[in-house]
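One structure below.
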Amino acid sequence: RVVLIADVYGGVYRMTSQVYEPKGYVFDYLPATAFENLAEHLDERTRMVWIETPSNPLLNVVDIRAAAEACKAAGAILVVDNTFATPYLQNPLDLGADVVVHSTTKYLGGHSDVVGGFCGTNDPTIAERLFFLQKSLGAVPGPFDSWLVLRGLKTLAVRMRQHCENARAIAAWLEEQPSVTQVLYPGLPSHPGHEIARRQMRDFGGMISFLVETEEEAVELVARTKLFLLAESLGGVESLIEHPARMTHASTADAPFAAPRNLVRLSVGIESVDDLIADLAAALVPAVTRAG
-5 RVVLIADVYG GVYRMTSQVY EPKGYVFDYL PATAFENLAE HLDERTRMVW IETPSNPLLN
55 VVDIRAAAEA CKAAGAILVV DNTFATPYLQ NPLDLGADVV VHSTTKYLGG HSDVVGGFCG
115 TNDPTIAERL FFLQKSLGAV PGPFDSWLVL RGLKTLAVRM RQHCENARAI AAWLEEQPSV
175 TQVLYPGLPS HPGHEIARRQ MRDFGGMISF LVETEEEAVE LVARTKLFLL AESLGGVESL
235 IEHPARMTHA STADAPFAAP RNLVRLSVGI ESVDDLIADL AAALVPAVTR AG
């Protein structure tokens, strides 16, 4: 049995529901609020707990240290997908997690030109098993892909500082827009996980999601931006915008925790924040006009 945060990347849900469930694995998905009392949801069958924090696409925050303590008491391992935060902003292993994973395609590479993943642990037994599986299954990145990630790591700190600075400004601006009904960004005091994020993160990252009134408005909005490119993926130096329900999280459409149809996700790049806000302002104008 594996327990996952319900607000999970669509690719993870596709893998669990279509690859592993037919093999007999049991997956239970908990809303982020349930992790406040995680111990109540674990039993002797639970072997692993998988969380994203901040999560994709709703930017939910889970207390890693508390989750690690609950998992240890239940005899389960805790895996943290740290892709949104990066090692520069958050270190799950130091907070008690057993395994940390990243999509190196995202912030670690940083330039939208590599496909890869990373898995790390402080546990020698887990490390030995993972190394065996990597060799046996062929999950080995090519040398050029590895070089691209190493190149990206050289500028991770400076890039993340700019991602965070831009995202903070854009999130605050979005909260003031009449056509935006809710902004989901851990750096905002209005975010329910803000205090937890302050404790376990050095800054709040470059990802923002927000809600508008209708799915139609969301779809039209993502098609109107010019500087924000309409594309999947995230974490590159360039800004991206997407409609999760039709793109990255389309595979969760029939799940109880499907991405809201009126949700827009931003991967805020390192361009001039004034230019980025101007781009969003121009894209939001038709929605404001229609509402008026």
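The opening position of the sequence shown corresponds to residue -5 in our numbering, with each subsequent residue numbered one higher. Just so you know, even glycine gets a beta-carbon here, dropped at the ideal spot from N, CA and C. Note that the coordinates shown come from a computational prediction; the quantities given were computed from them, not determined experimentally.
In three-state terms, what does DSSP make of residue 80? The answer is helix: DSSP assigns residue 80 an H, G or I state.
Would you please state the rounded distance, in angstroms, between the beta carbons of residue 265 and residue 221? I believe it to be under 8 Å. The C-beta distance from residue 265 to residue 221 rounds to 7 Å, short enough to fall under 8 Å.
State the start and end residues of the unbroken beta strand (DSSP E) segment that holds residue 46. Residue range 42 to 46 is occupied by the beta strand (DSSP E) that includes residue 46.
Cβ-Cβ distance between residue 101 and residue 151 below 7 Å: Cβ distance not < 7 Å, so residue 101 and residue 151 don't count as in contact.
Going by beta carbon distance, what residues of the same chain come within less than 8 Å of residue 176, once the five residues before and after it are set aside? Setting aside the 5 residues that flank it on each side, residue 176 is surrounded in the same chain by 204 and 205, each with a C-beta closer than 8 Å to its C-beta; the list follows chain order.
Are there 16 or more other CB atoms within 10 angstroms of the CB of residue 48, so buried, or fewer, so exposed? Buried, since its Cβ has 16 or more Cβ neighbours within 10 Å.
Mapping DSSP to helix, strand and coil, what is residue 101? If DSSP states are grouped into helix, strand and coil, residue 101 belongs with coil.
Which partner residues does residue 96 have in the DSSP bridge list? According to DSSP, residue 96 shares a beta bridge with 112.
Measure the beta-carbon distance from residue 50 to residue 78 and round it to whole angstroms, keeping in mind my assumption that it falls under 8 Å. So it is a contact: roughly 6 Å between Cβ atoms.
For residue -4, which residues in the same chain have their Cβ closer than 8 Å to its Cβ, ignoring the five residues on either side in sequence? Only 10, 19, 20, 21, 22, 40, 41, 42, 43 and 44 meet the Cβ criterion.
Would residue 238 be called buried (16 or more neighbouring beta carbons within 10 Å of its own) or exposed? That one is buried.
Rounded C-beta distance between residue 157 and residue 13? I'm assuming under 8 Å. With a Cβ gap of about 32 Å, residue 157 and residue 13 do not count as contacting.
Helix, strand or coil at residue 240 according to DSSP, with G and I counted as helix: If DSSP states are grouped into helix, strand and coil, residue 240 belongs with the helices.
Since residue 64 and residue 25 should fall inside the 8 Å C-beta cutoff, what is the C-beta to C-beta distance between them, to a whole number of angstroms? Contact flag wrong, Cβ pair sits at about 16 Å.
Inside the region 186 to 221 only - alpha helix (DSSP H) runs reaching at least 4 residues: If we require 4 residues or more, the alpha helix (DSSP H) runs fully inside the region 186 to 221 come out as 188 to 194 and 209 to 218.
If distances are taken between C-alpha atoms only, which option among 215, 165, 30 and 114 comes closest to residue 80? If we check each option's Cα against that of residue 80, 114 comes out closest.
The beta strand (DSSP E) enclosing residue -2, as first and last residue numbers: It spans -4 to -1 - the beta strand (DSSP E) in which residue -2 sits, taken as one unbroken run.
Please give me, in chain order, every unbroken run of the beta strand (DSSP E) with length at least 3 that falls completely inside the region 225 to 281. Counting whole runs of 3 or more residues, the region 225 to 281 contains the beta strand (DSSP E) stretches 234 to 236 and 257 to 261.
Counting along the chain, where does the beta strand (DSSP E) carrying residue 2 start and finish? No beta strand (DSSP E) holds residue 2; DSSP gives it neither H nor E.
Does DSSP put residue 37 in a helix, in a strand, or in coil? Residue 37: coil per DSSP, three-state reduction.
For residue 10, the three-state DSSP class (helix, strand or coil): Three-state DSSP puts residue 10 in a helix.
Give the DSSP-derived three-state secondary structure of residue 139 in the structure shown. The three-state secondary structure of residue 139, taken from DSSP, is helix.
From the DSSP output, which residues share a beta bridge with residue 182? For residue 182, which the question treats as bridged, DSSP gives no partner whatsoever.
Assigned secondary structure, residue 75 (DSSP; H/G/I helix, E/B strand, else coil): Residue state, collapsed to three classes: strand.
Let's test the definition: count the other Cβ atoms within 10 Å of the Cβ of residue 184 and tell me whether it reaches 16, buried, or not, exposed. Classification of residue 184: exposed, given that the 10 Å Cβ count is below 16.
Cβ atoms of residue 117 and residue 92: under 7 Å apart, would you say? For residue 92 and residue 117, yes; Cβs fall inside 7 Å.
To which residues of the same chain is residue 52 closer than 7 Å at the C-beta, ignoring the five residues directly before and after it? Hits under 7 Å: 1, 178 and 203.
Any idea what DSSP makes of residue 52, helix, strand or coil? Coil.
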